[in-house]
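Chemist: Just dropping this structure here.
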Amino acid sequence: MTELEAHNASLESEIARLRKDSSNSHKPPSSDIVKPPAARRRRGKKRRIGGQPGHPRH
905 MTELEAHNAS LESEIARLRK DSSNSHKPPS SDIVKPPAAR RRRGKKRRIG
955 GQPGHPRH
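Here my numbering is used: position 20 in the sequence shown is 924, and no number is missing along the way.
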């Protein structure tokens, strides 16, 4: 049983270490893991592109 508790404690400390970044520790921002930007979803627009209908061009 103590073997499992020791393993559990080591895993918990590893998780705590991995959760730290520059915002919640003394580490510089350059040490943070770089994540790719989240993909943005494009919603269908209800408005058409362009100027007012019927407006004379310049």
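Idealized CB from N, CA, C, for every residue including glycine.
Since I believe residue 926 is in contact with residue 936 (beta carbons under 8 Å), could you give me their beta-carbon distance rounded to a whole number of angstroms?
Modeler: Here the question's residue 936 lines up with position 32 in the sequence shown. Here the question's residue 926 lines up with position 22 in the sequence shown. Confirmed, about 5 Å.
Chemist: Roughly how many angstroms separate the alpha carbons of residue 944 and residue 906, rounded to a whole number?
Modeler: Residue 944 sits at position 40 when you count from the first residue of the sequence shown. Residue 906 sits at position 2 when you count from the first residue of the sequence shown. Rounded to whole angstroms, residue 944 to residue 906 spans 48 Å at the Cα level.
Chemist: Following the continuous alpha helix (DSSP H) through residue 911, name the residue where it begins and the one where it ends.
Modeler: For this step, residue 911 is matched to residue 7 along the sequence shown. Segment 906 to 923, the alpha helix (DSSP H) holding residue 911.
Chemist: Assuming residue 939 and residue 931 make a contact with CB atoms under 8 Å, what is their CB distance in whole Å?
Modeler: Within the sequence shown, numbered from 1, the residue matching residue 939 stands at position 35. Within the sequence shown, numbered from 1, the residue matching residue 931 stands at position 27. So it is not a contact: roughly 16 Å between Cβ atoms.
Chemist: Given this structure, state the Cα-to-Cα distance separating residue 957 from residue 946, to the nearest angstrom.
Modeler: In the sequence shown, residue 957 corresponds to position 53, counting from 1. In the sequence shown, residue 946 corresponds to position 42, counting from 1. Residue 957 and residue 946: Cα-Cα distance of roughly 25 Å.
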